[in-house]
Each structure stands twice: as C-alpha cells, then as structure tokens.
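Enquirer:
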Amino acid sequence: MIGYLVNGAGRLSAALLLPLIALVLIGIGARLLGFNEVVSWPVSLPVIGSGVTANTLIELQSFLFGIMFLFAGASALRRGEHVMVDMLSGTFSDRTRAVIDSLAILFLMLPFLAVAGWASIGFVERSWFAAETSHSGSLTHIFLFKAAIPVGLFLLALESLSRLCGNIVFLIKGEPVRHD
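Position 114 (the sequence shown) corresponds to 250 in this note's numbering; numbering is contiguous.
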C-alpha cells in the first residue's frame, strides 16, 4: 500500500515536468514579446484568478517545482536514489548498513519529519485562514500549493517507516526486503 502511494506520488512528480516546461516556455515567449498580461477573463477562477500574467507564470513555475521536489522525495528514497556516502557505506556489510540506516531513520529522519510536518500544518492553516494570495496578487488560494508540504513530508515519513521495517526484517531473518 505504501509503495502504491509513494510510486504514485513519484509518477505525479514526473508528470508535472511537462506543464512546468510549458510554463517556462510560455513565460519566456511572453517576456520576449513584451506581454505582461498573457490572457484575462471576466470571472475569477480558483488559483489563477481573473487572468494569467508574467508574474503568474513565474509563481506557478516555483510552486510546481516545489510540488515536484516534495513528491519525488519519497519515491527517490524507495528506489534507493537518495544521497548516501557510498565511500563509507560501500565498505560495510549489509547488516552494518541496515543498522546505520535504521539508526539514521530513527534518530534523524523521523524526528526531522515530525517537527517539519507539525510546523507545516500550521503554515498551511495560516495561509487558508488568511485567504493568502501570492506576493504579486496574481495567484489565489496559495494554501493549496502549501498543502503539498505536509503531504510530501507524510509520504517521506511513510516510506522511511517502510524502509525501517524492511531493515528490521532483514536484521532478524537475514533476508533483504524488496521495495517494488
């Protein structure tokens, strides 16, 4: 179950790359042509308001990149693509690596994710209650973007717990657990 959630978040992160590229290209084209307002309409829509400006495109790029980064973290951890000190860990036995990995998860990763997750919920709540808009005013409902922070941290915590359980099973049974 955790694998489906984490892999789905990773696929969503990858799928956001094309819209991000499109936003960058449209933004570059609009600036080269001297357009500040790309398009407008009479009704205010959620998130993008009553039109798209050059500022809207830049802000959407930043938020999409942040969402991609947050959702890809758990997927990278699941596939073993996270940062490790290979020069050191390559010399250790599998059991020693599992112990070090478990200790790092217990004493570094999970406490960090708990504190960051707790703080991020308040961050999203304040944004929601204040009806926060972007600095330029071109984006509304900023809490929707900020909500990706606790979601991404939660996915990373789930994957960390899954990895910890796999390490414990390996240390007890001596059989590695596959993370497919």
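Note that beta-carbon positions come from the ideal geometry of N, C-alpha and C, so glycine has one too.
(1) When the Cα of Val313 is compared with those of Met204, Ala252, Arg231 and Pro155, which residue comes out closest?
(2) Counting along the chain, where does the beta strand (DSSP E) carrying Asp173 start and finish?
(3) For the alpha helix (DSSP H) holding Ser198, just list the boundary residues, first then last.
(4) Counting C-beta neighbours from all protein chains within 10 Å, is the total for Ala190 16 or more, i.e. buried, or is it exposed?
(5) Quick check: what's the CA-CA separation for Ser229 versus Ser296?
(6) Under the criterion of a Cβ to heavy atom distance below 7 Å, does Gln197 qualify as lining the ligand FMN?
(7) Do Ser256 and Glu195 have their C-beta atoms within less than 8 Å of each other?
(8) Looking at chain D, is there any beta carbon in it that lies within less than 8 Å of the beta carbon of Leu244?
(9) If you measure between the beta carbons of Val160 and Leu280, is that distance less than 8 Å?
(10) Counting Cβ pairs closer than 8 Å, one from the segment 163-178 and one from the segment 234-250, do we hit at least three?
(11) Where does Ser225 land, buried or exposed, given buried means 16+ other C-beta within 10 angstroms?
(12) Taking 8 Å as the cut-off, decide whether the C-beta atoms of Val305 and Arg214 are in contact.
Expert: In terms of the structure at hand:
(1) Arg231
(2) Per the sequence presented here, residue 173 reads as Glu, with Asp not at that position. Per DSSP, Glu173 belongs to the beta strand (DSSP E) from Glu173 to Leu181.
(3) It spans Ala190 to Arg215 - the alpha helix (DSSP H) in which Ser198 sits, taken as one unbroken run.
(4) buried
(5) Near 21 Å, if we compare the C-alpha coordinates of Ser296 and Ser229.
(6) Of the ligands one can find in the structure shown there are none, so the ligand FMN has no counterpart to examine.
(7) Not a contact, by the Cβ cut-off of 8 Å.
(8) No chain D appears in the structure shown, which is made up of a single protein chain.
(9) One thing to note: Val160 has its Cβ no nearer than 8 Å to the Cβ of Leu280.
(10) As far as the Cβ criterion goes, the segment 163-178 does not touch the segment 234-250, which means the pair count is below three.
(11) exposed
(12) no
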